[in-house]
DNA sequence: CCACGGATCAGCT
DNA sequence: GCTGATCCGTGGA
């Protein structure tokens with residue numbers, strides 16, 4: 001298997017976020033895999049990044065962000081959608097990468113062009129809070145074979161206008177021109 | 001205790 | 001472009 005090792009996540013979110021592009025997110029339910037290619041991510045750097053949930057300090061909701069890298073941080077937003085993050089390094093830094101859009105590869109029959117939609121399509125909810133991404137029901141793999149080349153574009157993160165000067169940081173990473181992005 | 005707003009989305013104007 | 005859906009963490013009284 002080509003599951004990404006813990007060491008992959010043990011770097012700054014700013015480095016991990018673009019490298020997750022093109023990787024395959026694999027959600028297994030009752031032995032059936034739903035696979036999507038990651039095409040859009042955002043880096044949340046931890047304090048003092050005013051857009052990161054961890055900027056308010058350690059709480060029950062954000063506790064997994066303060067732990068070791070390579071685990072899932074799932075949260076409920078607007079009372080109805082879930083969002084999936086990968087905790088990044090170094091441990092205790094409270095940084096993470098938000099997965100914002102997937103290109104369907106197999107087993108997916110709902111839209112995945114947005115962070116809330118991809119969690120609905122892959123049945124990702126709070127039961128996966130703190131899940132170890134190095135195996136099990138939710139993991140990330142490097143696809144086999146020679147990868148198709150792509151261009152990485154950067155832009156400001158979506159929906160964080162409240163974060164003052166951090167709102168404009170180019171911490172959103174996309175596979176340029178991919179049709180499954182959450183927005184242009 | 002109560003009020004507020006959010007790393008979203010669909011539907012309507 | 002604007003609004004409602006729907007819940008919980010957070011902060012103030």
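Numbering (full-length UniProt numbering), first residue to last: 1 to 184.
Positions of the beta carbon are idealized from the N, C-alpha and C atoms, including for glycine.
In whole angstroms, what is the alpha-carbon distance linking residue i and residue j?
{"i": "residue 139", "j": "residue 12", "result": "19 angstroms"}
{"i": "residue 54", "j": "residue 108", "result": "32 angstroms"}
{"i": "residue 127", "j": "residue 65", "result": "16 angstroms"}
{"i": "residue 57", "j": "residue 17", "result": "22 angstroms"}
{"i": "residue 87", "j": "residue 145", "result": "27 angstroms"}
{"i": "residue 74", "j": "residue 149", "result": "30 angstroms"}
{"i": "residue 122", "j": "residue 162", "result": "29 angstroms"}
{"i": "residue 19", "j": "residue 178", "result": "16 angstroms"}
{"i": "residue 212", "j": "residue 142", "result": "Here the chain covers residues 1 to 184 and nothing more, so residue 212 does not appear."}
{"i": "residue 153", "j": "residue 9", "result": "21 angstroms"}
{"i": "residue 33", "j": "residue 131", "result": "17 angstroms"}
{"i": "residue 45", "j": "residue 39", "result": "20 angstroms"}
{"i": "residue 164", "j": "residue 49", "result": "10 angstroms"}
{"i": "residue 47", "j": "residue 170", "result": "17 angstroms"}
{"i": "residue 6", "j": "residue 67", "result": "13 angstroms"}
Taking DSSP as the reference, what is the three-state secondary structure of residue i?
{"i": "residue 86", "result": "strand"}
{"i": "residue 106", "result": "strand"}
{"i": "residue 180", "result": "coil"}
{"i": "residue 66", "result": "helix"}
Assign residue i to one of two classes, buried (16 or more other C-beta atoms within 10 Å of its C-beta) or exposed (fewer than that).
{"i": "residue 133", "result": "buried"}
{"i": "residue 15", "result": "exposed"}
{"i": "residue 175", "result": "buried"}
{"i": "residue 95", "result": "buried"}
{"i": "residue 69", "result": "buried"}
{"i": "residue 79", "result": "exposed"}
{"i": "residue 92", "result": "exposed"}
{"i": "residue 30", "result": "exposed"}
{"i": "residue 124", "result": "buried"}
{"i": "residue 2", "result": "exposed"}
{"i": "residue 115", "result": "buried"}
{"i": "residue 99", "result": "buried"}
{"i": "residue 41", "result": "buried"}
{"i": "residue 89", "result": "buried"}
{"i": "residue 62", "result": "buried"}
Are the beta-carbon atoms belonging to residue i and residue j less than 8 angstroms from one another?
{"i": "residue 157", "j": "residue 172", "result": "yes"}
{"i": "residue 160", "j": "residue 43", "result": "no"}
{"i": "residue 72", "j": "residue 84", "result": "yes"}
{"i": "residue 137", "j": "residue 28", "result": "yes"}
{"i": "residue 105", "j": "residue 24", "result": "yes"}
{"i": "residue 22", "j": "residue 112", "result": "no"}
{"i": "residue 180", "j": "residue 119", "result": "no"}
Closer than 7 angstroms: is that where the CB of residue i sits relative to any heavy atom of the ligand ADP?
{"i": "residue 87", "result": "Looking for the ligand ADP in the displayed structure turns up nothing, as the structure carries no ligands at all."}
Subject >> Length-filtered (3 minimum) beta strand (DSSP E) runs lying within the segment 112-175 >> reply: 138-141, 152-155, 172-175
**OP:** Could you pull out every unbroken beta strand (DSSP E) segment of at least 3 residues lying fully inside the segment 1-50, listed in chain order?
**Re:** 24-29, 32-44
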